[in-house]
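Worksheet: the structure to be examined is printed underneath.
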Amino acid sequence: MGLLSGIVTALYVSNVIAAKDTSADDSDVLKYVDPLIGTANGGHVFAGATLPFGMAKAVADTTGENQAGFAFDTKVVTGFSHMHDSGTGGAPSMGNFPIFAQGNCPQDDINQCKWQQSDRASVWDRESPKARPGYFSISLANGVHAEMTTTNRSALYRFTFNENSGQSLSPVVLLDLMDLPQTRTSGSADVNRSTGRLTGSGTFSPSFGAGSYKSYVCVDFKGAELRDTGTWEKNQPNINKRTLTLGSNAASTLSAGTFARFHAPKDNSILARVGVSFISADQACSNAEREQPDFDFEGTVSAAESAWRKKLDTISVDADGVSSDLQKVFWSGAYRTFISPQDYTGENPLWKSDEPYYDSYYCIWDSFRSIHPMLTLVDPFSQSLMLRSLVDTYRHEGYLPDCRMSLCKGWTQGGSNADVVMADAYLKKVPGIDWDTAYEAVVKDAEIEPKNWDVEGRGGLRSWKSLGYIPFDDHDPDGQGLHTRSISRTVEYAYNDFCIAKMAQGMGHPADYEKYTKRSENWVHVYNPDQKSSINGVDTNFTGFLQPRYTNGTWGYQDPIFCSPLLNFTSCYLNADGHETYEGSAWMYTFYAPHDMGSLIKTLGGAESFTSRLSYLHDSGLLYVGDEQAFLPVYQFHYSGRPGLSAKQSHFYIPSQFNTTVNGIAGNDDSGAMGSFVVLSMMGLWPVPGQDVYLITPPYFKEVSIRNALNGKVATIRNINFDPSYKSIYIQSAKWNGKPWTKNWITHDFFADGGVLELVLGPKESEWGTHIRDLPPSLSDYR
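For the sequence shown, full-length UniProt numbering gives the first residue as 1, with consecutive numbering after it.
Here it is as structure tokens:
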């Protein structure tokens with residue numbers, strides 16, 4: 001997007017939100033939620049209507065970078081579909097069975113309507129998109145104004161037609177056997193000639209995984225008398241046919257399906273109710289009939305808004321003095337955290353179970369760092385359901401997933417990071433989990449290599465156990481997978497094993513605790529103390545970085561700044577060749593030993609040297625906060641006794657990288673990872689995932705409270721001397737429930753038991769939280 005168009009877009013979004021503000025209750029947090037934030041410039045945020053963790057997600061599908069269906073930096077709409085994901089990288093996701101409406105066919109000739117996806121594409125009015133929780137609308141150049149809302153398993157569309165075409169209305173609504181990434185391998189559609197009901201099914205591929213899935217749809221109408229029905233293929237309608245079948249020989253790009261044509265509606269609008277299912281078309285129909293028996297559009301919107309208010313109600317802030325924009329950044333981030341994973345309970349055809357089933361984990365490599373720790377804080381019931389689903393997936397699939405979508409196994413990006421999610425929830429006492437089976441699952445990750453470790457578990461376990469690292473030239477006779485990322489996999493495996501050790505310690509497995517604690521120290525085996533780093537030929541004056549290592553113990557080489565914004569930024573994605581770190585540089589990964597920061601700080605030359613190096617990581621442009629591994633380094637100054645610098649760094653990234661425009665997030669949202677980063681940062685307590693540790697910085701508000709959904713108790717973080725200009729962001733002293741608190745971290749007990757953490761702020765760093773006794777826990781001491 002060009003500078004001018006970006007400015008116009010930003011002004012437009014601000015004006016839209018301001019217009020909403022004038023009619024909204026000041027106490028209603030929904031007025032501060034803007035689903036359009038992050039819908040341009042690769043943010044891939046889902047802008048449409050959904051319930052919290054809902055399966056049905058309705059939005060207009062645009063042509064372009066449309067991973068979540070609608071993107072603001074596009075020009076045309078090709079359909080309206082009912083299932084999407086939010087914030088994902090890679091290919092577009094789902095968007096199965098789009099419907100599309102036209103007010104009439106030219107000269108009232110059914111053959112002159114627009115059918116094929118490319119032909120029916122209609123320019124959308126730049127001023128028209130309106131998005132709020134549970135609602136999305138947009139106007140098209142073809143004279144259709146489309147509104148949509150959802151329940152859990154169904155969407156409701158209201159199409160309003162203008163009469164400026166010079167002929168009376170006779171609306172046509174088509175169903176296309178298509179998906180966003182155009183992966184369909186087979187499909188079928190049927191239309192009921194007496195009612196106009198459209199049903200369809202298809203087999204599709206996931207966007208970031210292996211295998212295929214089947215999906216089903218059911219569309220009913222209300223508001224106009226049925227005129228005729230039929231099928232269509234490419235640009236050829238047939239009013240004499242009722243069914244259509246596309247075999248594996250049909251191109252996946254082929255547009256084809258069914259349609260219903262209507263007489264002129266009395267109020268120029270037609271309602272289309274769409275049920276979705278992964279079980280059958282009959283179940284898709286029953287889902288819609290059960291959830292929306294009355295086609296009540298306003299009632300459905302109101303129910304969705306109520307569901308969102310209830311979901312956000314566990315968080316409250318005293319926003320006195322805080323700008324409206326920052327409040328929008330905060331609440332919109334919280335909203336996005338509740339979009340995925342998605343509740344598909346009752347819609348899983350792969351196995352029968354009484355346990356919940358959640359899907360769209362994109363990916364746990366991303367979400368373990370902020371999404372799941374945040375859900376544990378503000379929605380432990382949903383977090384429990386998600387973990388129960390992960391454990392049940394282990395029971396039936398053999399391994400915990402590291403990524404999962406559309407009923408398929410997703411690609412593993414690094415370690416077995418569901419282990420971190422399990423440990424985090426175990427230490428924080430998330431209820432309802434079968435911990436014995438969960439422990440069995442994480443131990444299997446550590447001990448038994450799968451045949452295909454591209455989609456589950458860990459590869460290179462023979463080397464991991466014998467050498468203590470993943471070699472650059474690893475020979476793996478036990479399984480198959482992508483032989484890259486030897487550095488990042490090594491440090492992730494080390495931390496995965498530490499998390500297993502913490503579970504073992506609490507569950508009474510002392511031998512396992514010793515074994516996995518020892519393995520967690522393996523990160524040091526890929527640290528080359530002699531490796532130097534330069535930028536554009538200029539020495540950075542830091543020595544010692546993680547490097548690839550051969551089986552015989554000798555060192556390989558990867559430039560420490562490679563895959564940073566300063567050198568070949570995009571060369572370390574999963575499909576790249578020869579990279580030994582994943583989506584980041586060895587410079588950044590050298591800081592990844594969150595369980596053993598005492599040893600890491602000593603390895604890097606002591607606290608002062610560590611602080612200098614970490615500051616350089618941020619100040620030099622080496623770190624890209626739009627990727628999730630960058631989150632923890634924002635706060636790692638706590639470990640070297642400089643918690644004030646963590647607060648300072650947080651205030652650099654917010655608002656410089658996060659704002660209220662359609663470009664307003666760093667990178668793609670990864671199912672809410674960027675949203676949860678913002679919320680946790682602005683609440684002032686950063687969770688170290690996999691540990692019972694929250695690093696303390698001042699909230700961005702005078703006061704933040706979190707109500708524990710399990711027992712109703714309230715934890716409040718209160719700033720004394722709060723400065724909304726954020727010049728006083730340094731903690732001078734602290735009290736927990738009235739007693740002095742000098743540690744720069746706190747445990748989950750604060751949220752479990754409720755209470756008040758009071759922070760006295762000032763404009764300069766103080767001694768608070770700087771002494772060795774005040775630092776977060778570490779396997780090795782800090783001396």
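All residues carry an ideal CB built from backbone N, CA and C; glycine is no exception. Being a predicted model, the structure only gives us computed values, none of them experimental.
C-alpha distance - residue i paired with residue j, whole-angstrom precision
{"i": "arginine 261", "j": "asparagine 235", "result": "16 Å"}
{"i": "isoleucine 339", "j": "serine 382", "result": "12 Å"}
{"i": "leucine 461", "j": "asparagine 568", "result": "30 Å"}
{"i": "aspartate 343", "j": "valine 219", "result": "21 Å"}
{"i": "tyrosine 135", "j": "valine 301", "result": "6 Å"}
{"i": "tyrosine 589", "j": "methionine 674", "result": "19 Å"}
{"i": "aspartate 282", "j": "glycine 103", "result": "29 Å"}
{"i": "serine 564", "j": "threonine 195", "result": "58 Å"}
{"i": "alanine 423", "j": "isoleucine 601", "result": "24 Å"}
{"i": "glycine 481", "j": "arginine 309", "result": "44 Å"}
{"i": "glutamine 505", "j": "tyrosine 513", "result": "5 Å"}
{"i": "threonine 199", "j": "asparagine 111", "result": "22 Å"}
{"i": "isoleucine 487", "j": "alanine 576", "result": "15 Å"}
{"i": "proline 633", "j": "phenylalanine 591", "result": "7 Å"}
{"i": "alanine 303", "j": "proline 35", "result": "18 Å"}
{"i": "aspartate 21", "j": "leucine 51", "result": "Note that aspartate 21 scores 36 on pLDDT, short of 50, meaning its location in the model is unreliable and no value can be drawn from it."}
{"i": "valine 378", "j": "lysine 702", "result": "19 Å"}
{"i": "tyrosine 730", "j": "glutamate 127", "result": "42 Å"}
{"i": "aspartate 539", "j": "lysine 532", "result": "8 Å"}
{"i": "aspartate 392", "j": "threonine 345", "result": "12 Å"}
{"i": "threonine 185", "j": "serine 205", "result": "8 Å"}
{"i": "serine 353", "j": "serine 705", "result": "37 Å"}
{"i": "valine 491", "j": "glutamine 413", "result": "13 Å"}
{"i": "threonine 660", "j": "methionine 682", "result": "15 Å"}
{"i": "alanine 155", "j": "arginine 707", "result": "32 Å"}
Whole-Å CB distance - residue i paired with residue j, under 8 Å assumed
{"i": "phenylalanine 368", "j": "valine 421", "result": "5 Å"}
{"i": "aspartate 176", "j": "phenylalanine 278", "result": "With 8 Å as the limit, aspartate 176 and phenylalanine 278 do not qualify as a contact, their Cβ atoms being about 19 Å apart."}
{"i": "aspartate 692", "j": "leucine 427", "result": "4 Å"}
{"i": "leucine 400", "j": "tyrosine 394", "result": "5 Å"}
{"i": "serine 207", "j": "proline 92", "result": "6 Å"}
{"i": "aspartate 366", "j": "glutamate 65", "result": "Their Cβ separation, rounded to whole angstroms, is 19 Å, which puts aspartate 366 and glutamate 65 out of contact at 8 Å."}
{"i": "threonine 337", "j": "glycine 672", "result": "4 Å"}
{"i": "glycine 333", "j": "serine 676", "result": "7 Å"}
Where residue i falls, given that 16 or more other Cβ within 10 Å makes a residue buried
{"i": "arginine 613", "result": "buried"}
{"i": "tryptophan 232", "result": "buried"}
{"i": "glycine 684", "result": "buried"}
{"i": "tyrosine 639", "result": "buried"}
{"i": "arginine 642", "result": "buried"}
{"i": "valine 322", "result": "buried"}
{"i": "threonine 570", "result": "exposed"}
{"i": "glutamine 107", "result": "exposed"}
{"i": "arginine 290", "result": "exposed"}
{"i": "asparagine 668", "result": "buried"}
{"i": "isoleucine 772", "result": "exposed"}
{"i": "valine 430", "result": "buried"}
Same chain, Cβ closer than 7 Å to residue i, five either side skipped, listed in chain order
{"i": "glutamate 305", "result": "Leu30, Pro133, Gly134"}
{"i": "methionine 94", "result": "Met83, His84, Asp85, Asp179, Leu180, Ser406"}
{"i": "tryptophan 618", "result": "It is histidine, not tryptophan, that sits at residue 618 in the sequence shown. Cβ within range, chain order: Gln649."}
Spatial neighbours of residue i in its chain, beta-carbon cut-off 6 Å, leaving aside the 5 residues before and after
{"i": "alanine 284", "result": "Tyr216, Val217, Cys218, Gly275, Val276, Ser277"}
{"i": "threonine 742", "result": "Asp774"}
{"i": "histidine 145", "result": "Ser139, Thr160"}
Which of helix, strand or coil DSSP assigns to residue i
{"i": "alanine 24", "result": "Note that alanine 24 has pLDDT 43, beneath the 50 cutoff, so the model's placement of it is unreliable and the number below is only indicative. DSSP places alanine 24 in coil when its eight states are reduced to three."}
{"i": "aspartate 474", "result": "coil"}
{"i": "threonine 62", "result": "strand"}
{"i": "threonine 490", "result": "helix"}
{"i": "glutamate 767", "result": "coil"}
{"i": "lysine 409", "result": "strand"}
{"i": "isoleucine 696", "result": "strand"}
{"i": "threonine 231", "result": "strand"}
{"i": "residue 785", "result": "This structure cannot speak to residue 785, because the chain is shown only from 1 to 783."}
{"i": "arginine 153", "result": "coil"}
{"i": "methionine 507", "result": "helix"}
8 Å CB neighbourhood of residue i in its chain, flanking five on each side removed
{"i": "tyrosine 516", "result": "Ala446, Asp497, Phe498, Ile500, Ala501, Ala504"}
{"i": "glutamine 182", "result": "Ser252, Thr253"}
{"i": "serine 728", "result": "Asn721, Phe722, Leu761, Gly762, Pro763"}
Distance cut-off 6 Å: residue i Cβ against heavy atoms of the ligand NAP
{"i": "glycine 621", "result": "The ligand NAP is not part of this structure, which contains no ligands at all."}
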